[in-house]
Structure formats: C-alpha cells, structure tokens
Amino acid sequence: MRSIAILGSTGSIGTQALDLCRRHPDRYKVTALTARGSKEKLFEQVREFRPETAGLTEGFDPAEIPEDLKFCRFLSGKEALHAAAAETDADMVLVSIVGIAGLQGVMDALKAGKQVLLANKEALVTGGHLVTDLARKAGKPLLPVDSEHSAIFQCLQADGTNKPMKILLTASGGPFRTWDKERIRKATKAEALKHPNWNMGAKITVDSASMFNKGLEIMEARWLFDMPEDKIEVVVHPQSIVHSAVVYQDGAVLAQLGEPDMRVPIGYAMAYPERIETGVPAPDLFKLGSLTFEKPDEDKFPALRLARECLRAGGAACTVFNGANEEAVAAFLREEIPFGEIAVRVERALEKLAGLPANCIEDIWEADRLARAVSNSEFRIQNSEL
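The sequence shown begins at 26 in the working numbering and counts up one residue at a time.
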C-alpha cells in the first residue's frame with residue numbers, strides 16, 4: 026500500500042490519477058487533495074477517497090464544508106499546498122498544478138523527503154537547477170508524468186553501458202500543423218482548443234497549438250535527463266503513438282509506444298519500478314497501418330527557437346519565457362488578443378528582460394513577476410496588424 030497526495034486533484038491529470046487509485050484500492054491510499062477553486066468537485070473526491078487533508082488554493086468559507094466531510098482537515102491558500110506536499114504521511118506527491126504555482130509544491134515535497142511525481146513542467150522550466158539539486162540531496166529521482174518525458178525515462182531504464190546520445194522528443198504538431206503562417210496568426214480560440222489527439226485543459230491545449238508546450242518540454246528534458254539542448258531533437262509525429270525515443274551510441278533507437286491516454290504515464294510513475302493495469306488498450310498496429318514523422322517548422326512555430334535561445338542564455342530567461350507565455354495565453358483565452366500575439370509578447374519580454382539572474386527562488390519569483398507585468402502591459406498588437 027502506497028500513500029499519495031495529489032496537488033491539482035480536480036484537473037485532468039488529478040482525476041485520472043484518482044481513477045487509477047479507484048482501480049487499485051489495495052495499492053493506493055489518498056492522504057491529501059488540493060484544487061484551485063472547484064470546491065464541489067473537490068468535496069465529491071474527499072467524500073469518495075477520504076483523505077486526511079484537503080484544500081482550495083483560492084480559499085473558501087468554512088461554513089461551506091458539508092457536515093459529512095468534517096472528518097477531513099480543510100485548508101486554504103498556500104497553506105493548503107504546503108500541508109498536502111510536506112505535512113501529510115504521503116509516500117509520494119503528484120504535482121499536477123498548472124504553471125509556476127507548482128514550483129513551491131515540488132520543492133516543499135522534496136524537502137520533506139517525498140517522492141515527487143512531476144506533472145508540472147514549469148517547476149523544472151523555471152527552477153530546474155534548484156529542483157534537481159533538491160532531488161539529488163533527497164536521493165529520489167523525479168518521476169515524470171508528461172507522456173514524452175515518461176517515455177524517455179522508460180527508454181533510459183535499458184541503457185546499461187550503452188550511452189544515450191540524443192533524445193527524440195515527439196510532438197503531434199497540434200491543430201495547426203498543416204496551416205500556413207498567416208492563418209495560424211489569426212486562429213481563433215475555438216480553433217486552438219481543437220487538439221486532434223489529446224483531451225487536455227485549455228492552457229496546455231493552446232500551448233500545444235502554438236508549440237510553446239514543446240518548447241517547455243525541451244527545457245524540462247534538459248533538466249530531467251541532464252542532456253544539452255542541442256541533443257534534444259523535436260520530431261513531429263501526428264499519430265501521437267510514439268511518445269518519444271532515445272538514440273544510443275551503438276546506433277540503436279529505443280522508443281515507447283502507446284495510445285494517447287495519460288493514464289499510462291501516470292500509472293507508470295505511481296507504480297514505479299513496477300507496472301499496473303491502467304484500463305488503456307495497447308495500440309493496434311494493424312489498424313494504424315503507418316506512423317509518420319516530420320521536421321518542425323520553426324518559422325511557423327517560433328516557440329521552439331525561443332526555447333533553445335533561453336536555455337543557451339541561462340539565468341532567468343526560461344522563467345521569463347514561461348511567465349510571459351502564461352499571461353499571453355490567458356489573454357488569448359479571454360479573447361483579448363489574436364493567437365499570433367502570444368509568441369510576439371513572449372519574444373519581446375525576453376528582449377526587454379534579458380540578463381535577469383536565477384540564483385535562488387526569490388530571483389525566480391521576481392523574474393516571473395516582471396515577465397507577467399511586461400506581457401500584460403506592453404507590446405499590444407491590434408488584430409489589424411496581424
């Protein structure tokens with residue numbers, strides 16, 4: 026029996042992790058659940074899984090807690106995240122909060138000696154050197170939940186003395202893979218939210234459409250696997266069956282294949298080094314017929330170029346990339362700006378905030394604050410200009 030705390034339990038990753046707990050009640054005990062603001066959904070989860078601690082980061086009125094849930098300790102704000110990550114008796118902490126908000130939860134869990142299941146890429150994007158140092162001191166590897174990084178992690182289990190030379194990071198290409206540059210710039214919210222393969226939250230779906238998600242994943246892979254960015258190659262694979270691969274020095278390429286269903290990488294992280302039944306069928310290769318691969322177009326999708334430039338620049342550049350993008354995506358989802366302005370805002374924020382340090386977590390918070398301020402207040406481009 027393993028105990029698990031889930032930060033972000035009402036989101037896509039959190040609910041699928043709870044589905045696995047439901048499938049394997051003899052293996053998993055839920056000790057803590059947190060959500061941002063979906064209190065009714067959180068109450069339903071607490072009622073079913075009976076954790077000792079639960080929390081809403083947006084806060085709540087204690088009078089709203091149903092009488093039958095008084096057995097659970099309810100907390101709010103940052104206290105809820107800290108308690109769930111570090112103060113319960115969880116063996117492992119699944120961090121599935123969206124954005125830089127997950128960084129503190131990851132660090133709190135590692136400082137408390139917990140095994141971190143990482144579904145929040147921004148923790149490594151913004152604080153990669155701090156997080157990996159803590160994980161090393163804790164003596165516990167970060168277990169990736171992103172489908173691509175889980176695939177790479179699985180392939181690396183077979184490396185032995187065969188040195189990995191390159192990572193092949195696959196990408197579906199999103200809904201705009203075949204569109205021309207001008208059409209992409211003018212894409213609507215409804216069009217950006219129509220991912221061809223994956224069912225995900227709004228922010229990550231928009232990031233997939235712009236390929237900012239892949240830029241973030243290049244940064245994440247650099248820290249998770251200690252691989253320089255020029256050895257991380259993005260490969261567009263529209264079928265989303267090959268989730269990533271590793272090229273070895275002897276010429277072999279090991280890849281992980283599976284249906285585009287997040288329960289597989291979540292289950293792998295939850296059971297590692299074992300495996301569990303997830304309810305996901307294996308791909309039918311005869312039905313698929315063929316798998317195709319393409320080079321990404323960095324002119325249509327500048328996020329890939331910007332991500333590599335940030336890694337080469339060092340300092341807080343990756344934090345600026347992330348913060349400016351989060352704010353630009355939020356503005357796009359509010360239908361305040363066109364799709365093409367997202368990358369423009371990020372690039373200009375990087376130009377304006379070049380050279381910021383990232384020596385401690387306070388530096389990272391400050392760089393994030395400045396990036397958001399710049400993204401929100403400057404460089405507004407009218408639809409007519411696009």
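Backbone N, C-alpha and C fix where the C-beta goes; we use that ideal spot for every residue, glycine too.
Checklist entry - Tell me which same chain residues have a C-beta within less than 6 Å of the C-beta of Val-231, skipping the five on either side of it? => result On the sequence shown, residue 231 is found 206 positions in, with the first residue counted as 1. Closer than 6 Å at the Cβ level, and outside the excluded window around Val-231, lie Ala-217, Val-354.
Next on the checklist: Excluding the 5 residues flanking Gly-276 on each side, which residues of the same chain have their C-beta closer than 7 Å to its C-beta?
Outcome noted: The residue you call residue 276 lines up with position 251 of the sequence shown. Around Gly-276: no qualifying Cβ.
Next on the checklist: Is the separation between the beta-carbon of Met-225 and that of Gly-199 shorter than 8 Å?
Outcome noted: Translated into the one-based positions of the sequence shown, residue 225 becomes position 200. Translated into the one-based positions of the sequence shown, residue 199 becomes position 174. No, these two residues do not count as a Cβ contact at 8 Å.
Next on the checklist: So within the segment 152-231, which uninterrupted alpha helix (DSSP H) runs reach at least 4 residues, ignoring any that extend past its ends?
Outcome noted: Whole alpha helix (DSSP H) segments, 4+ residues: 172-181, 206-210, 214-217.
Checklist entry - Which term fits Ala-342, buried or exposed, when burial requires 16 or more other beta carbons within 10 angstroms of its beta carbon? => result Numbered from 1 along the sequence shown, position 317 holds the residue referred to as residue 342. Under this definition Ala-342 is a buried residue.
Next on the checklist: With a threshold of 6 Å on Cβ separation, who are the neighbours of Leu-100 within its own chain once the five nearest residues in sequence on each side are excluded?
Outcome noted: Mapped onto the sequence shown, residue 100 falls at position 75. Here the set comprises Gly-80, Ala-108.
Item to check | Rounded straight-line distance, which links the Cα of Gly-152 to that of Trp-248 | outcome: Along the sequence shown, read from residue 1 onward, the residue named residue 248 stands at position 223. Along the sequence shown, read from residue 1 onward, the residue named residue 152 stands at position 127. The alpha-carbon atoms of Trp-248 and Gly-152 are separated by roughly 10 Å.
Item to check | Neighbour-count burial assignment, His-154, 16 or more Cβ in a 10 Å radius | outcome: On the sequence shown, residue 154 is found 129 positions in, with the first residue counted as 1. His-154 comes out exposed.
Checklist entry - Start and end of the alpha helix (DSSP H) containing Phe-357? => result By 1-based counting over the sequence shown, the position of residue 357 is 332. Where Phe-357 is concerned, the enclosing alpha helix (DSSP H) stretches over 342-358.
Item to check | CB of Ser-265 within 8 Å of CB of Asn-222, strictly | outcome: Position 240 of the sequence shown, counting from 1, holds the residue named residue 265. Position 197 of the sequence shown, counting from 1, holds the residue named residue 222. Yes, Cβ-Cβ distance for Ser-265 and Asn-222 is below 8 Å.
Item to check | Beta-carbon proximity list for Met-26, same chain, < 8 Å, skipping 5 on both sides | outcome: The count along the sequence shown starts at 1 and reaches residue 26 at position 1. Closer than 8 Å at Cβ, skipping near neighbours: Asp-51, Arg-52, Tyr-53, Lys-54.
Item to check | Thr-317 in three-state terms, based on DSSP | outcome: Here the question's residue 317 lines up with position 292 in the sequence shown. Coil at Thr-317, not helix or strand.
Checklist entry - For Asn-350, is the classification buried or exposed, using 16 other Cβ atoms within 10 angstroms of its Cβ as the cut-off for buried? => result Start at 1 with the first residue of the sequence shown, and residue 350 comes out as number 325. Buried is the call here.
Checklist entry - Out of curiosity, what's the CA-to-CA distance linking Leu-142 and Ala-160? => result Taking the sequence shown and counting its residues from 1, one reaches residue 142 at position 117. Taking the sequence shown and counting its residues from 1, one reaches residue 160 at position 135. Distance between the alpha carbons of Leu-142 and Ala-160 is about 12 Å.
Checklist entry - With burial defined as no fewer than 16 other Cβ atoms inside 10 Å of the residue's Cβ, what is the status of Thr-113: buried or exposed? => result As a first step, residue 113 must be located in the sequence shown, where it is residue number 88. Answer is buried; the Cβ neighbour count reaches 16.
Next on the checklist: Using only CA atoms, which one of Pro-166, Arg-394, Val-369 lies nearest to Leu-381?
Outcome noted: As a first step, residue 381 is located in the sequence shown; it is residue number 356 there, counting from the start. Closest option to Leu-381, judged by alpha-carbon separation, among Pro-166, Arg-394, Val-369: Arg-394.
Next on the checklist: Looking at the strands, I want to know which residues DSSP matches up with Thr-78.
Outcome noted: Translated into positions along the sequence shown, residue 78 becomes position 53. DSSP, once it has assigned bridges, lists Ala-57, Arg-98 as partnering Thr-78.
Next on the checklist: Let me make sure I understand the geometry here. Which of Lys-239, Gly-185, Asp-86 has the alpha-carbon closest to that of Gly-62?
Outcome noted: Working through the sequence shown from its first residue, we reach residue 62 at position 37. Ranking Lys-239, Gly-185, Asp-86 by Cα distance to Gly-62 puts Asp-86 first.
Next on the checklist: Using a Cβ distance threshold of 8 Å, determine whether the segment 162-177 contacts the segment 254-269, with at least three qualifying pairs required.
Outcome noted: yes
Checklist entry - Should Asn-203 go down as buried or exposed, given a rule of 16 or more other Cβ atoms within 10 Å for buried? => result The residue you call residue 203 lines up with position 178 of the sequence shown. Checking the displayed sequence, the identity of residue 203 turns out to be Thr instead of Asn. Exposed, by the Cβ-count rule.
Checklist entry - Count the other CB atoms within 10 Å of the CB of Cys-421; is the residue buried (16 or more) or exposed (fewer)? => result Any property of residue 421 remains undetermined from this structure, which presents the chain solely from 26 to 411.
Item to check | beta strand (DSSP E) segments (min. 3 residues) lying fully within the segment 236-297 | outcome: Counting only runs of 3 or more residues that sit fully inside the segment 236-297, the beta strand (DSSP E) segments are 257-261, 267-273, 278-282, in chain order.
Item to check | Exposure label - Ala-307; buried when at least 16 CB within 10 Å | outcome: Here residue 307 refers to the residue found at position 282 when the sequence shown is read from its first residue. Exposed is the call here.
Checklist entry - Counting Cβ pairs closer than 8 Å, one from the segment 38-52 and one from the segment 296-303, do we hit at least three? => result yes
Checklist entry - Whose C-alpha, out of Phe-326, Thr-344, Asp-309, Asp-286, is nearest the C-alpha of Ser-37? => result Position 12 of the sequence shown, counted from the start, is the residue given in the question as residue 37. The alpha carbon of Ser-37 has as its nearest neighbour, out of Phe-326, Thr-344, Asp-309, Asp-286, the alpha carbon of Asp-286.
Item to check | DSSP beta-bridge partners of Val-120 | outcome: Within the sequence shown, the letter at position 95 stands for residue 120. Answer is Leu-32, Leu-143.
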